[in-house]
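Residue numbers (UniProt numbering), protein chains in the order written: chain R, 1 to 286; chain A, 1 to 286.
A virtual CB, placed ideally from N, CA and C, is assigned to each residue, including glycine.
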């Protein structure tokens, strides 16, 4: 297992941690200022959200690399099914390709997929997962031409109805095996999987070629809002060391991306302090 | 699979569906009025919460049976671990025995156990599950003397931090096998397990001797409050027929208990209408 106590070059910032992926939150730092602040602190990489990029993907990608950082990924593909998805397959696939194009422009090796919830008119998650498999399989061919990998991120089962019919690593690995494309894998986010005692075995089943990302935050024992009340690493009940041990035992040794949605706490702080906390917690408790 | 379309004698009311298990909610019907209303509608049984019973356990149990109903169960044992548990093992076990005594007085064959969350000072759910196993094993011997069975209810993983370190049927079955007492089994609640594609296999692993209850409600696609915004059967995305098929395939053919926590919807309605809806939905969509 890697020792981060004296080397945090594997640390990446997901910009959601600074809040400005949602209107009305965060301190409003520009992309350039975020990049500079991460570089100053020795972060290894950065993950953006599409709304921050607009039509500046190539420019921002170059800016990140000029600062000595990597673009680690892009959030995210559109919902592929469920009540929050765009109306109709064509609109969904158009937006999916636009997200892939943006990732390619940025030089982001990974585009994260949040699958979307239970397709209206169906019950349970089975039919929705089939829709997702079909749509990801089609997009995977398009993404491969741009060297973009697609990371299926199982979300916590609390989002099963509306945001993600994919709620366990087991189902994510099954989906990868069914799609069977070399650029389709999984992302592991401690917020979503901390409670799952089958995680280590499922990651071994995925294998190193299918683990495309590792996301850090913490699950607060008493969570007030399942969307915007995530904890900073160390403040919650997730066994972060054990989860990383499982991820690394399965062969992953890539970036570790801090993604803390926290409207009432971390998003209200000075971003400089938040970034300092990310570094300190990464070295001490992750 | 049983046909409920013309026979709802397996239907039981969990009184939480009428809201009066929480202060300030519900229409305030007396226990006697609830029993009478259930009997009029052909319910087969009823499940109470401890706060409704006080020191009238024997009297209420007799009242229920005189009305032609069964007392199906009692909610619930105290949290056995985690931040919401009583302070100290002795206080927890005293209250656990008091709950068992009340179930025995009522003539309730089953006492439901909600395990409690992650024990302070620990990370992940592993250590907390060990505490739970130890405490349930001790209580099981006491409960056996009163012919009370203990039903471990895995809650949805959203409650993992504070209310239940037991969040999957897999872990619940493992816990039963570890404790290995004939009066320790599981309760299956669709709200908590609807997203789990391993459910059918885990129930087969439990076997008919270890399934002590089946709880009905629905998971609303867009849930506003994970505690008090449950749906009535048919209004959500749970595949209720498929889940019951799995439960019955594993050998369970006992009562089906409606338990709808719904502060902003069902708890605001006339209890008579709520009970009518329970019957109608039970016959049509469960």
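DSSP links residue 70(A) through a beta bridge to 45(A).
Here residue 185(R) is not near residue 257(R), since their CB atoms are 8 Å or more apart.
For residue 87(A), the nearest beta carbon of chain R is not closer than 8 Å to its own beta carbon. Looking only at 15(A), 3(A), 63(A), the smallest Cα-Cα distance to residue 32(A) is reached by 63(A). When Cβ-Cβ separations below 8 Å define contact, residue 155(A) makes no contact with chain R. In the DSSP assignment, residue 164(A) forms a beta bridge with 116(A).
Contact with chain R is found for residue 239(A), since one of that chain's Cβ atoms lies less than 8 Å from the residue's Cβ. Per the coordinates, the alpha-carbon of residue 23(R) lies some 44 Å from the alpha-carbon of residue 272(A). Distances from the alpha-carbon of residue 154(R) to those of 79(R), 29(R), 232(R) put 79(R) closest. Interface with chain R (8 Å Cβ-Cβ cutoff): residue 194(A) is included. When 8 Å is used as the limit between beta carbons, residue 197(R) is near these residues of chain A: 125, 126, 168, 170, 171, in chain order. Using a Cβ distance threshold of 8 Å, residue 279(R) and residue 266(R) do not count as a contacting pair.
Of all alpha-carbon atoms in 190(A), 57(A), 11(A), the one lying nearest the alpha-carbon of residue 124(R) is that of 190(A). The beta carbon of residue 261(A) lies closer than 7 Å to those of 16, 227, 228, 230 in the same chain, with the five residues before and after it left out. Collapsing the DSSP output to three states places residue 40(A) in a helix. Under the three-state reduction of DSSP output, residue 262(A) falls in the strand class. When the Cα atoms are used, residue 103(R) and residue 163(R) turn out to be separated by approximately 22 Å.
Counting the other CB atoms within 10 Å of its CB gives residue 117(A) a total of 16 or more, which places it among the buried residues. Spanning the alpha carbons of residue 146(A) and residue 101(A) requires a straight line of approximately 8 Å.
For residue 223(R), the neighbours in chain A by C-beta distance under 7 Å run, in chain order, 161.
Residue 213(A): member of the beta strand (DSSP E) spanning 211-216, first to last residue.
For secondary structure counted as the alpha helix (DSSP H) over 4 or more consecutive residues, the segment 225-250 of chain R holds these complete runs in sequence order: 240-249. Residue nearest to residue 223(R) within the set 138(R), 250(R), 264(R), 7(R) is 264(R) (criterion: CA-CA distance).
Per DSSP, residue 185(A) is one residue of the beta strand (DSSP E) stretching across 184-189. Proximity of residue 186(A) to chain R, defined by a Cβ-Cβ separation below 8 Å, is not satisfied. Counting only Cβ-Cβ distances below 7 Å, residue 220(A) has contacts in chain R at 161, in chain order. Around the CB of residue 178(A), fewer than 16 other CB atoms lie within 10 Å, so the residue is classed as exposed. The Cβ-Cβ distance between residue 113(A) and residue 86(A) does not fall below 8 Å. Look at residue 176(R) here: in three-state DSSP terms it is helix. If you look at residue 77(R), you'll find it isn't in any beta strand (DSSP E); DSSP assigns it neither H nor E. Look at residue 149(A) here: in three-state DSSP terms it is strand. Think of a sphere of 8 Å around the beta carbon of residue 83(R): the chain A residues whose beta carbon falls inside it are 221, 222, in chain order. Residue 139(R) counts as buried, since at least 16 other C-beta atoms from the protein chains shown sit within 10 angstroms of its C-beta. Under the Cβ distance rule, residue 242(A) counts among the residues neighbouring chain R, one pair being separated by less than 8 Å. Residue 220(R) sits in coil when the DSSP states are folded into three classes, being neither helix nor strand.
Non-local beta-carbon contacts of residue 205(A) in its own chain, meaning distances under 7 Å to residues more than five positions away in sequence, involve 173 in chain order.
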